[in-house]
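S.K.: Take 493 as the starting number for the sequence shown in the numbering used here and just add one per residue.
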Amino acid sequence: MKRALTALAVVASFAAADIVAADTAFAADKPSKETVEKHKTTPGERYEPSLDVMPGDDSERIEEAGVPALNDKEFARAKTIYFQRCAGCHGVLRKGATGKALTTKITRELGLEYLTDFINFGSPAGMPNWGTSGDFTPDDVTLMAKYLLHEPPQPPEFGLKEIKGTWKVIVPVADRPTKKQNELDLDNLFSVTLRDSGEIALIDGDSKKIVKILKSGYAVHISRVSASGRYLFIIGRDAKINLIDLWMKEPTTVAVIKIGMEARSVETSKMKGWEDKYAIAGSYWPPQYVIMDGFTLEPIKVVSTRGMTVDTQEFHPEPRVASIVASHYHPEFVVTVKETGKILMVNYEDIKNLKVTTIDAERFLHDGGFDSTGRYFLVAANARDTIAVVDTKENKLVKLVKTGVKPHPGRGANFVHPKFGPVWATSHLGDETIALIGTDPKKHPKQAWNVVQSLEGQGGGSLFIKTHPKSKNLWVDTPLNPEAELASSVAVFDISNLDKGYEVIPIGEMSGISEGVRRVVQGEYNKAGDEIWFSVWNAKDQESAIVVIDDKTRKLKAVIKDKRLITPTGKFNVYNTKNDVY
Ligand code: DHE
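1. Sorted by chain position, which residues of the same chain lie with C-beta nearer than 7 angstroms to residue 1055's C-beta, five sequence neighbours on each side aside?
2. Would you check if the distance between the CB atom of residue 1010 and the CB atom of residue 989 is smaller than 8 angstroms?
3. With a Cβ-Cβ cutoff of 8 angstroms, do residue 753 and residue 545 count as a contact?
4. By the DSSP assignment, the alpha helix (DSSP H) with residue 611 in it spans what residues?
5. Relative to the alpha-carbon of residue 1063, which residue among 1013, 619 and 1046 has its alpha-carbon at the smallest distance?
6. Report buried or exposed for residue 899, applying the criterion of at least 16 other Cβ atoms within 10 angstroms of its Cβ.
7. Residues bridged to residue 986 by DSSP?
8. Could you check where the beta strand (DSSP E) with residue 770 kicks off and where it finishes?
9. I'd like to confirm the pairing. Which residues does DSSP put opposite residue 837 in its beta bridges?
10. With a threshold of 7 angstroms (Cβ to nearest heavy atom), would residue 917 be considered close to the ligand COA?
11. For residue 960, collect the residues of the same chain with a Cβ closer than 6 angstroms to its Cβ; drop the 5 residues on either side in sequence, then sort them by chain order.
12. What are the boundary residues of the alpha helix (DSSP H) that includes residue 634?
13. Buried or exposed for residue 625, please, with buried defined as at least 16 other CB atoms from any protein chain shown within 10 angstroms of its CB.
14. With hydrogens ignored, establish whether the beta-carbon of residue 1034 is closer than 7 angstroms to any heavy atom of the ligand DHE.
15. Based on the DSSP output, what are the partners of residue 890 in its beta bridges?
16. Using only CA atoms, which one of 939, 762, 646 and 725 lies nearest to residue 809?
17. Indicate, with yes or no, if the ligand DHE has a heavy atom lying under 7 angstroms from the CB of residue 693.
18. Touch check for the region 962–979 and the region 934–944: three-plus C-beta pairs under 8 angstroms?
19. By a C-beta neighbour count over all protein chains shown, 10 Å radius and 16 as the cutoff for buried, is residue 807 buried or exposed?
20. Give every residue of the same chain whose Cβ lies closer than 7 angstroms to the Cβ of residue 992, excluding the five residues on either side of it in the sequence, and list them in chain order.
21. If you pair each beta-carbon of the region 686–699 with each one of the region 653–660, do three or more pairs fall below 8 angstroms?
22. Ordered along the chain, which non-local residues of its own chain (more than five positions away) have a Cβ less than 7 angstroms from that of residue 573?
23. If you draw a straight line from the alpha carbon of residue 603 to that of residue 693, how long is it in whole angstroms?
24. Distance, Cα to Cα, residue 785 vs residue 764?
25. By Cβ distance below 7 angstroms, which residues in the same chain neighbour residue 566 in space, the five residues on each side in sequence not counted?
26. Are the beta-carbon atoms of residue 849 and residue 887 separated by less than 8 angstroms?
27. Do residue 812 and residue 541 count as a contact pair if the criterion is CB distance below 8 angstroms?
28. Opposite residue 1079 in the DSSP bridges: which residues?
29. Counting along the chain, where does the alpha helix (DSSP H) carrying residue 991 start and finish?
30. List in chain order: all unbroken alpha helix (DSSP H) runs of 4+ residues lying wholly within the region 657–715.
31. Which of the three DSSP states is assigned to residue 805 in this structure?
32. Thinking C-beta only, is residue 685 closer than 8 angstroms to residue 933?
33. State the beta-bridge partners of residue 730 as determined by DSSP.
34. Report yes or no: do the region 735–743 and the region 711–726 share at least 3 C-beta pairs separated by less than 8 angstroms?
35. Once the 5 residues before and after residue 946 are set aside, which same chain residues still bring their CB inside 6 angstroms of it?
36. Less than 8 angstroms separating the beta-carbons of residue 735 and residue 789?
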């Protein structure tokens, strides 16, 4: 468990089950030591944003008298720990998100001893036991308690001027080829995140050979593909985007830009008549989205997401941009805003007079995908155990559907249920269930937007679920399950006989790797839909691999190993990503 958490430093942060808005006070009663000592936090509960890049920022320190002194070195260390472990839940400005507010008004009232205990032992409400788990040394526990008595340093903004300052067109449009210059089967190319080496690998789906390794921003999070399939967009946690032209003799980065300081999402325009024209990216800090030219990344418009929450209608100072998808029904981007719970339909027809339809959904939006028709977008509000369904044709909220504990669908999985018709599925971080939601209001109105079946998977700690229109299999990973055996295997259901239960496929073992936790993460199909690829994700100084499974037989087809495959996580098949096939 300890090792698992180290490998997953990226996902470690404070988590709290109870939700409080800005400046709301702490629960008055301090839990007893026996209660908190019993409290154990699972890796799944720690799956909260970790602001890894922020410590390097030049945020300003506010010096104050009357609080325990911290020298510059101590302050810098505390700030780094805070951003990596705490800011994901308590917010950069400490005004609270899924975790409680930690403004100095509150922390000074609570006092040093209380804070020390809280950090040490955690709380049954979801605050990890950072001290007793061994994640923090006793000195760091004290340091963090003292740090919380200081005013939070204010990170700088990152507006158009700063964004433009990072923008570089490496190969101008006029110098790019007018025809594809390589022999690659682009539709079956995979873009693979090499998380800890700051690179992506382009792997040929047929030969399984690495075509090219490209330098990226820090720990690329996702890859997305333009409507034409020519351009690949990747975004690092440091908000750096690479625009890669897949038509060049060798796929090459043709433009770069940094749209903020911490980010997770990027997308490109897919509406008929607007293919490839625009790109958009959203950031965690500053809380904003940026619309760019799709061919050069020239920034056109920066829009802040600061505003009121959907429920209590209180101001939130740092609502992060979570998932973004491109509408197929209107020239619009669908932008989800985590802390306010709003879904923004950003119309790019007239960017100067930007029209944004704001749909109130649910707080703490995270990841999601379309139903099989591409009309409905289903997105997890994971801290509220809810999937929000939006109709991208009518631009309306259809329903908020309660599923299980902390749904985490990735983009979800679409298939036709033998009894209930078309469904979209999500697995969960917080329990072992897989929720199937009906998506066909015309032919199956009773089932539409309800959980029609809840399957029992092999455990909690699931991140991604996958199938393919040509497949009869539904694959569910469990990389954050505390049991190593579950983290290194996947469950697969037969869609035509879901009641039969699942088969466990030991992907980690199949990789031939014996060291490490061998977390198996994110299945992705090839274009034909007859094989599925899984990452075997180990720590960066250990061996990792990609395991390819024959979808029909569920048997091993290939293991891709290469010393350059450092910490592979997300994999994005060009054809499936471009066409929203999942
Ligand atoms: Fe992700 C998607 C945020 C941790 C792998 N991740 C997303 C999206 C968001 C997000 C908002 C949706 C983007 C979109 O569709 O536009 N992820 C976060 C976090 O805030 C979190 C919890 C912690 C953090 O600090 O980043 C987090 N994510 C992780 C990981 O630890 C994973 C497993 C490994 C890694 O590479 O970092 C991881 N996230 C992914 C992947 C996707 C993703 C592979 C895309 C899935 C897909 O099929 O589209």
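Positions of the beta carbon are idealized from the N, C-alpha and C atoms, including for glycine.
From a predicted model like this one, the values you see are computed outputs, not experimental measurements.
M.R.: Looking at the atomic coordinates:
1. Answer for residue 1055: no residue qualifies.
2. no
3. yes
4. Looking at the DSSP string, the run of the alpha helix (DSSP H) that includes residue 611 is 604–613.
5. 1013
6. buried
7. 965
8. Its beta strand (DSSP E) spans residues 770–777.
9. 826 and 849
10. Looking for the ligand COA in the displayed structure turns up nothing; the ligands present are the ligand DHE.
11. 1017 and 1021
12. 630–639
13. That one is buried.
14. For the ligand DHE, not one heavy atom lies less than 7 angstroms from the Cβ of residue 1034.
15. Beta bridge pairing from DSSP links residue 890 with no other residue.
16. 646
17. no
18. no
19. exposed
20. 986
21. no
22. 632 and 636
23. C-alpha separation (whole angstroms): 49 angstroms.
24. 17 angstroms
25. 635
26. yes
27. yes
28. Only positions 493 to 1074 of the chain appear in the structure, and residue 1079 is not among them; the question remains open.
29. No residue range can be given for residue 991, since it is assigned to no alpha helix (DSSP H) and is classified by DSSP as neither H nor E.
30. Listed in chain order, nothing qualifies, since the region 657–715 has no complete alpha helix (DSSP H) run of 4 or more residues.
31. coil
32. no
33. Residue 730 pairs with nothing; no bridge assigned.
34. The region 735–743 vs the region 711–726: in contact.
35. 925 and 927
36. yes
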